[in-house]
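Numbering (our numbering), first residue to last: -7 to 61.
This is the structure we're talking about:
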């Protein structure tokens, strides 16, 4: 009787370990998928980081004005 109970507990333990490994792999996959940027997000990020000529000349003119003082 006790041997049958131990065998059932062991089988349940094996199944639980297998399911936990599957869940871990699935959670890791979905986490990485959620971190990825969509094409639209990439375009918006590129636009935000784009530097216009006015943005580069402005600090230069400020430095020149500071040197003249």
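Where is the CB? At the ideal position from N, CA and C, for every residue including glycine.
Check: Start and end of the alpha helix (DSSP H) containing residue 22?; Outcome: -6 to 27
Check: Rounded to whole angstroms, what is the Cα-Cα separation between residue 7 and residue 27?; Outcome: 31 Å
Check: Rounded to whole angstroms, what is the Cα-Cα separation between residue -1 and residue 9?; Outcome: 15 Å
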